[in-house]
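Going down the list, the sequences are from chains A and B. Mapping to our numbering: the first sequence position 18 is 18, numbers consecutive. Mapping to our numbering: the second sequence position 109 is 109, numbers consecutive.
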Amino acid sequence: DGGITQSPKYLFRKEGQNVTLSCEQNLNHDAMYWYRQDPGQGLRLIYYSQIVNDFQKGDIAEGYSVSREKKESFPLTVTSAQKNPTAFYLCASSESGTYNYGYTFGSGTRLTVV
Amino acid sequence: DQQVKQNSPSLSVQEGRISILNCDYTNSMFDYFLWYKKYPAEGPTFLISISSIKDKNEDGRFTVFLNKSAKHLSLHIVPSQPGDSAVYFCAASADGNKLVFGAGTILRVKS
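This is the structure in structure tokens:
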């Protein structure tokens with residue numbers, strides 16, 4: 001079955017630590033995205049990548065970093081510089097440059113700072 | 001600046017009745033609109049979409065209406081079912097890729 005896999009589902013981080021959230025897709029999609037969901041604020045774009053080895057900042061990129069070394073993978077690192085990292089993180093992918101069904105989302109990772 | 005707004009945080013509807021979820025947008029360059037449905041602790045799933053060249057798109061119990069002059073779209077669910085209880089996100093695109101999402105509306109369908 002084609003889809004997007006995010007891991008882990010739940011993640012706990014101590015203050016001052018970096019953590020990396022995994023996102024893998026086998027849909028052969030060119031574009032991948034990271035969103036953050038907070039209550040009452042919808043989905044806010046952190047980073048996106050339209051091709052391998054290239055990515056752009058979204059609306060709330062501060063304190064985050066990404067890499068896109070392979071088409072299938074788009075890991076997100078939440079650094080210690082992110083002031084309020086506790087949130088639900090969603091990864092998505094889409095075919096680049098075409099109107100279709102929009103994005104395919106993963107099932108999300110809930111990150112909690114303890 | 002919120003380009004896509006869903007002004008109703010929540011909506012409660014009786015089973016079998018119509019649910020109407022609303023969405024307003026400010027960017028006149030948006031040319032494609034989508035609705036997503038999300039259950040707790042899961043990723044959103046695509047529900048229905050509409051291109052700006054149309055004013056209505058229907059798929060089973062779900063119909064999306066687009067009023068470009070008012071920069072407004074709505075999602076109608078008829079008849080509403082308890083399984084429709086979820087968060088509904090409106091999204092828009094101006095370039096065929098990067099979607100801008102609204103804050104979501106929680107729909108509760110009471111049986």
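By construction, the Cβ of each residue, glycine as well, lies at the ideal position given by its N, Cα and C atoms.
- When C-beta atoms of the region 20-33 of chain B are compared with those of the region 44-63 of chain B, three or more pairs fall below 8 Å, so the two segments count as touching.
- For Asn22(B), the enclosing beta strand (DSSP E) stretches over residues Ser19 to Tyr25.
- Pairing Thr77(A) with Thr112(A) gives a Cβ-Cβ distance that is not under 8 Å.
- When 9 Å is used as the limit between beta carbons, Gly40(A) is near these residues of chain B: Pro9, Ala103 and Gly104, in chain order.
- Per DSSP, the unbroken beta strand (DSSP E) holding Ile51(A) starts and ends at Leu43 to Ile51.
- Within the DSSP bridge table, the entry for Ile60(A) names no partner.
- Nearest Cα to Val13(B) within the set Asp84(B), Cys90(B) and Leu99(B): Asp84(B).
- Using a C-beta cut-off of 8 Å, the region 98-108 of chain B makes contact with the region 1-12 of chain B, since at least three inter-stretch Cβ pairs fall below that distance.
- Note: Ser12(B) is bridge-paired with Arg108(B) in the DSSP secondary-structure output.
- DSSP places Asp38(A) outside both helix and strand once states are collapsed to three, so it counts as coil.
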